[in-house]
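Here the structure is laid out as structure tokens; the discussion comes afterwards.
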Amino acid sequence: MTITKGTMNDLYSSPYLVDYYDLVAPNSDSIDDASFYWRVYQELRSPLLKPPREPFIIMDLGTGTGRVVQGLSNSAAMIGDNFFNTKVLGVDNAQHMLDKAAQNLDPLFKEHVSWILGSALDLESVMAQSGYDKVDLLIFSIGSISHLSEKDQPEKFLEQVSRVLAPGTGRAYISIYDGSLLQKSEQIAFHQPKGVTEIRSHIFPNIMYREFNHRGDIQDKVKDVKFELQVVERTELGDQVLETNNISMKMRQWDEDELVSMSSGAGLSFVEKARGKHETFYVFSISA
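The numbering used here applies: residue -10 is where the sequence shown begins, and numbers increase by one.
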């Protein structure tokens, strides 16, 4: 995603834009994948699958402001689970997002979580930073793989997954969002909003985020979504525009089950798929 505003070159270059992301990104009110991943974690960390002396490693790739990690920690807290012998790697390519994720995390779980600046296309470097060799549960949630829109990027990512996933017992859960399917039903098609949309900040007094001029064209399985975003302060004298951002976001579109056929070339084995509220979870492993 790129934003044009003077020298601004990413979505997270101002506190306002990080706040905007938190407001529009899926959360526990609109999507409940964290509870799904919690059940998966409980199943995979069984002593029959993982020797208790070895730490169980979770990688939340594209963690953003830590929504999934927070969901896992909340589920753990509800049942008195202290993440014993578990390490979570929250990975993102934007430091501003990682900083916000660290602020959001329950202090009780901070010793179990490492926030790592890294790329989905170089997971081996991420693991080198973490100090661990393999991942037991890799999560790429809410269709984030669609951000890998350039030629051969999804294939390169899957190859990286095959290199860091624990052989035999490790599982990678990769989500394809319904809205990124090329053949959508009317029930799941997501449309760009028309006109002007205003979203009120929850943390900055008198601040509104104003979206307008949405458009999106698809070419070669890539949707180029563009819109303008203003940061507006409402005062007694009227509205004052603090920032104007021209946003362009390229998102790969998918044929149904295309990810499965793509994975075999990367050395991954397709295990199963599961339906979520607005997405399909594709599950992969690698032979022992």
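No residue lacks a Cβ here, since even glycine has one placed at the ideal position from N, Cα and C.
- Note on geometry: alpha-carbon atoms of Phe73 and Ser258 lie some 29 Å from one another.
- Judged by beta-carbon spacing, Asp125 lies within the 8 Å limit of Thr158, meaning their Cβ atoms are closer than that value.
- With a threshold of 16 other beta carbon atoms within 10 Å, Asn234 meets it and is buried.
- Taking the Cα positions, Val214 is about 43 Å away from Gly69.
- CA-to-CA, the gap between Lys140 and Gly265 works out to about 28 Å.
- Shortest Cα-Cα distance from Phe270 to any of Gln31, Tyr26 and Ile188 involves Tyr26.
- In the DSSP assignment, Glu100 falls outside any beta strand (DSSP E), carrying neither H nor E.
- The shortest CA-to-CA distance from Met86 to any of Phe98, Glu43 and Ala14 is the one to Ala14.
- Short of 6 Å from the beta carbon of Asn195, and not among the five residues preceding or following it, lie these beta carbons of its own chain, in chain order: Glu222 and Arg223.
- When secondary structure is reduced to three states using DSSP, Arg34 falls in the coil class, being assigned neither helix nor strand.
- Using a C-beta cut-off of 8 Å, the segment 52 to 64 makes contact with the segment 91 to 105, since at least three inter-stretch Cβ pairs fall below that distance.
- Taking C-beta atoms as the reference points, Ile275 and Gly254 fail to come closer than 8 Å.
- Excluding the 5 residues flanking it on each side, Ile207 has same chain C-beta neighbours closer than 7 Å at Gln242, in chain order.
- Less than 8 Å separates the beta-carbon of Gly132 from that of Ser164.
- Runs of the beta strand (DSSP E) lying entirely within the segment 66 to 98 and spanning at least 3 residues, in chain order: 75 to 81.
- 8 Å or more divides the Cβ of Leu6 from the Cβ of Leu127.
- Straight across, the Cα-Cα distance linking Val211 with Asp21 is about 27 Å.
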